[in-house]
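Here the sequence shown is numbered in this note's numbering, starting from 537 and rising by one per residue. No residue lacks a Cβ here, since even glycine has one placed at the ideal position from N, Cα and C. Note that the structure is predicted; figures quoted are calculated from it, not measured. Note sheet for the following structure.
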Amino acid sequence: MHQRIIEIMEIIAKKVQNEGSEVWIKIKSCEVFGDEDIVYKKITDILDVWFDSGTTHNHVLRGSNFILQKEDKADLYLEGLDQYRGWFHTSLITSAAISGHAPFNKLLSHCFTVDKNGQKMSKSIGNVVSPQTIISKYGADILRLWVVSKDYESEMTMSEDIIQLIADSYRRLRNTTRFMIANLSGFDQSKHGIDPEKLLALDRWALDISANFQHAIKNSYKDYRFVDIYQQLCNFCTRDLGSFYLDIIKDRQYTTQKNSLYRRSCQTTLYHIIEAMSRWITPICTFTAEEIYESLSVKRYNKSVLLETYYRELNPLPKGLVMGRVFWKIIKAVKSEVNKCLENYRKKNIIKSSLDAKVTLYVSETYYKILSLLKGELRFVLITSSAFLKKSVNKTKTAIFTGLSGLQVLVQKSKYKKCERSWELLPDVGRYNKHPKLCARSIDNLPRGPGEVRLYV
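And the structure:
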């Protein structure tokens with residue numbers, strides 16, 4: 537080793553700092569060694585093609601960044617699986633030599649994108665789908681959604697047909713959020729918000745499942761399980777919200793009085809869910825999350841959803857409630873089976889909508905105890921004009937057997953007139969001279985009426 541090695545290294549380092557790494561090509565031996573240049577020969581061989589990137593942990597992360605100079609490691613190294621013998625490898629070797637440990641806390645690798653035939657995308661083959669093309673046609677959020685919809689531990693398939701399916705999923709997500717925002721018209725959380733313990737039972741359940749979902753999605757983000765987030769989000773919007781909660785609350789939202797506890801309870805719940813959802817989708821659908829955030833009528837301390845943390849106002853249900861998680865799980869299952877029966881009658885043109893029907897549920901003792909808790913509000917859950925319970929499974933020949941043991945469903949078309957406000961077919965429509973086209977419930981819900989009473993849904 538040269539006796540002036542430190543001095544020589546410093547000379548070269550300063551030249552690189554001032555003129556860039558290309559200076560090594562231009563520099564002459566005499567500029568470094570002086571009279572000794574005849575003894576030493578400058579070589580231009582490449583030390584290692586990965587050396588520069590393999591030492592970024594030192595000269596980029598710590599070297600010139602004063603904020604991170606004290607950081608020992610990067611939070612995450614992210615690259616394709618071919619980097620185990622490239623960047624990952626050289627980074628590990630150089631960091632172990634310099635610092636005695638790996639340069640990262642976590643390492644995440646992914647597979648590559650292939651076309652619909654499983655062939656690696658290549659410009660020479662002409663099977664590349666340009667990200668810019670997708671963004672121009674569908675938007676950046678669709679491209680992001682495609683990324684998280686794929687399990688990056690396997691090859692990720694990309695095609696126009698697949699992007700179209702992702703666009704359909706995005707529309708469901710967007711339409712769900714649009715429905716909730718639309719139903720917050722005239723609602724101000726600071727003025728109209730209802731305390732958690734005063735919310736109707738169905739609304740408390742909706743906040744509970746949202747809290748559970750948030751817990752699950754946080755864990756998925758933490759573990760980089762993005763495909764789980766995509767699947768959970770689709771299920772949440774479709775099964776928990778779309779086909780159950782949002783479907784049921786339409787009647788209460790549109791028929792009860794504007795400032796009633798029951799409508800405000802619903803709006804309070806929608807507000808909390810949409811606030812939370814804007815945070816959930818921020819890393820995935822950034823532009824959509826920002827749109828949601830800006831559309832809500834509330835004073836903000838932050839100017840962007842990107843500056844927010846997870847929402848903290850989702851209240852889980854206390855343990856021991858009669859109408860707790862198990863109760864609503866059973867209600868969802870029953871509603872799903874009844875929906876199948878109603879759909880069968882729609883296909884046969886016996887009824888046009890579920891509100892044209894009256895249903896009788898022939899149930900076991902267990903189901904009777906659970907369903908009877910809803911009392912007269914069972915029909916609001918099933919979205920039928922009337923709903924009756926009978927403890928007599930297998931005692932009727934006309935009822936439809938369902939996928940639930942202990943539940944049979946009899947669907948009949950209601951013979952009564954349709955209320956123009958609630959759209960229900962009820963026996964009291966036409967009995968009131970002042971309002972011949974309304975049912976008694978709708979009359980009570982008129983602006984000057986006493987209002988109806990809702991207990992659960």
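Can you list, in chain order, the residues of its chain with a C-beta nearer than 7 Å to that of residue i? Leave out the 5 residues immediately preceding and following it.
i, result
"T934", "L946"
"V917", "I784, I867, K871, L910, V993"
"E956", "K973, L974"
Taking the alpha-carbon positions, what's the residue i to residue j distance?
i, j, result
"N641", "L628", "12 Å"
"I867", "D783", "14 Å"
"Q750", "V683", "21 Å"
"L991", "K794", "17 Å"
"M859", "R984", "33 Å"
"S779", "S631", "53 Å"
"W816", "V665", "28 Å"
"M692", "T591", "30 Å"
"V650", "S705", "21 Å"
"S814", "I828", "6 Å"
"E733", "L853", "10 Å"
"S726", "R761", "36 Å"
"K925", "F937", "Per the sequence shown, the amino acid found at residue 925 is Leu instead of Lys. If you take the alpha carbons of L925 and F937, they lie about 15 Å apart."
"D731", "A610", "43 Å"
"V929", "E879", "22 Å"
Residue i: which of the options sits nearest, CA to CA?
i, options, result
"L850", "A812, K758, T818", "A812"
"T818", "D892, N594, D677", "D677"
"V870", "I886, K884, S900, N885", "S900"
"K578", "G987, K562, L617, R621", "K562"
"S921", "I661, Q750, K953", "K953"
"W741", "K888, L777, N719", "L777"
"E615", "G636, K927, V575, E689", "E689"
"F624", "G636, H595, S645, I634", "S645"
"E572", "K734, P854, H538, D687", "H538"
"L709", "I820, P667, Q789, N748", "I820"
"G912", "Y807, K894, D764", "K894"
"G987", "Y798, V834, E558", "Y798"
"D759", "V552, L612, S928, T896", "L612"
"C587", "F723, G622, T580", "Before going on, a small fix: residue 587 reads as Phe here, not Cys. Checked all of F723, G622, T580; the closest Cα to F587 is G622."
"S589", "P639, S635, F715, M657", "P639"
"G729", "Y807, E558, G942, S565", "Y807"
"A565", "I702, V575, M716, K927", "Looking at the sequence shown, residue 565 is not Ala but Ser. Nearest option by C-alpha distance: V575."
"S746", "A718, L720, Y781", "Y781"
May I ask which residues mark the beginning and end of the alpha helix (DSSP H) holding residue i?
i, result
"E543", "541 to 555"
"V568", "565 to 569"
"Q803", "797 to 816"
"K865", "861 to 883"
"A500", "A question about residue 500 goes unanswered here, because the residues of the chain that appear run from 537 up to 993."
Are the C-beta of residue i and some C-beta of chain C separated by less than 8 Å?
i, result
"F863", "This model lacks chain C altogether, as it is built from one protein chain only."
Which residue marks the beginning of the beta strand (DSSP E) containing residue i, and which one marks its end?
i, result
"K949", "943 to 949"
"A893", "893 to 899"
So, at 8 Å on beta carbons, what are the nonlocal neighbours of residue i in its own chain, with the 5 sequence-adjacent residues on each side left out?
i, result
"Y968", "L974, A976, I979"
Could you check whether the stretch 960 to 972 touches the stretch 764 to 783, counting it as contact only if at least three pairs of C-beta atoms, one from each stretch, sit closer than 8 Å? no
Is there contact here, the stretch 828 to 844 with the stretch 877 to 894, by at least three beta-carbon pairs under 8 Å? no
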